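For what it's worth, the working numbering labels the leading residue of the sequence shown as 818, then goes sequentially. Note that the Cβ used here is the ideal one computed from N, Cα and C, for glycine as well. These numbers come from a predicted model, not from an experiment.
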Amino acid sequence: MIVEVHGEAPILFDLGTGLRLLGETLPISPFSASALVTHIHWDHVQGLPFFPQIHVPGNKLDIYGPAQADGTLADVFGGLMKPPYFPIHFSQLQGDVRFIDVMSDEMAIGNAKVLVRPVPHVGPTVGYRLDWDGRSVAYISDHQAPCTAGDNPQPTTQIDEGVLELCDGVDLMIHDAQYTPTEFAQKSYWGHCTIDYALSIAKRAGVKTFAMFHHDPGHSDAQMDQLVEDAKCKGRAIGIPEVIGTYEGLVVDL
Ligand SMILES: [Zn+2]
Ligand SMILES: [Zn+2]
């Protein structure tokens, strides 16, 4: 995913499989960008080796993300991108790729103000908020909802303080919306939440647009259409101005 402000270096959210196709739409060189990585699970990093821009001398990519139990961000990426998983080792990349560990931080990237907060998931994970050019975006890709005990665990009404801080009044909240209540009951500890829980965050934080993200890979297109339609209805009923379902290639103009 990419956030762009005219005339400034872009900021990427995570480095998933969409990165390869995105790379084909961006200038190959000169290229300079930053990437805000939430965590190191495969679905968030496996696009990086296939991003054409990192193979060009002189190009720059600064990758921010949380250190892991196994080491710094640079250590864990080094373990991912090396033979036999990929033909070359990270150190052989032609582009200039730097790693910066973040967890609970406030920083500037160019003219963008960036807030980083830990987010409950499986393993060290963060979420980001960008305030840039008069607009704000929160990105919380994977969020474990706190849940009730018993045979049918469901999200409670409790919301992590850091998550609320990230989402407070944002123009766009891109948030985990993986499960229905039935699915959540079966996978309550898999690190995700229900669409209803994400809606409750959007409501509490006063979000203008909630973009449903991290769909369950088992959902068909028809199911997705229905889930998005239902979420739009629920959003309207509780006063969230807009709810959208995300998909590859979607462009949101703020
Ligand atoms: Zn994950
Ligand atoms: Zn994920």
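Item	Value
Is Cys-1050 buried or exposed, if buried means 16 or more other CB atoms sit within 10 Å of its CB?	exposed
Return the first residue and the last residue of the alpha helix (DSSP H) that Gly-859 is part of.	One detail in the question is off: residue 859 reads as Trp in this sequence, not Gly. 859-862 is the span of the alpha helix (DSSP H), which, as asked, contains Trp-859.
What residues does ligand 2 have around it, judged by CB closer than 6 Å to any heavy atom, in chain order?	His-858, Asp-860, His-861, Ser-958, Asp-959, His-1031
Keeping to the same chain, check which residues put their C-beta closer than 6 Å to that of Pro-1074; ignore five residues upstream and five downstream.	Residue 1074 cannot be examined here, being either before or after the span of the chain that is shown, 818 to 1071.
Could you check the C-alpha separation between Val-936 and Gln-1043 for me, to the nearest Å?	28 Å
Going by beta-carbon coordinates alone, are Pro-1012 and Ile-976 separated by less than 8 Å?	First, the residue type needs correcting, since residue 1012 is Ile and not Pro in the sequence shown. No, Cβ-Cβ distance for Ile-1012 and Ile-976 is not below 8 Å.
I'd like the list of long-range same chain contacts for Asp-831, defined as Cβ closer than 7 Å, with 5 residues on each side in sequence excluded.	Met-818, Val-854, Thr-855, His-861, Ser-958
Using the Cβ count rule (16 or more neighbours within 10 Å means buried), how would you classify Leu-983?	buried
Mapping DSSP to helix, strand and coil, what is Thr-1011?	strand
When the Cα atoms are used, what is the spatial distance from Ala-962 to Tyr-1014?	7 Å
With 16 as the cutoff for other CB atoms within 10 Å, does Trp-949 come out buried or exposed?	buried
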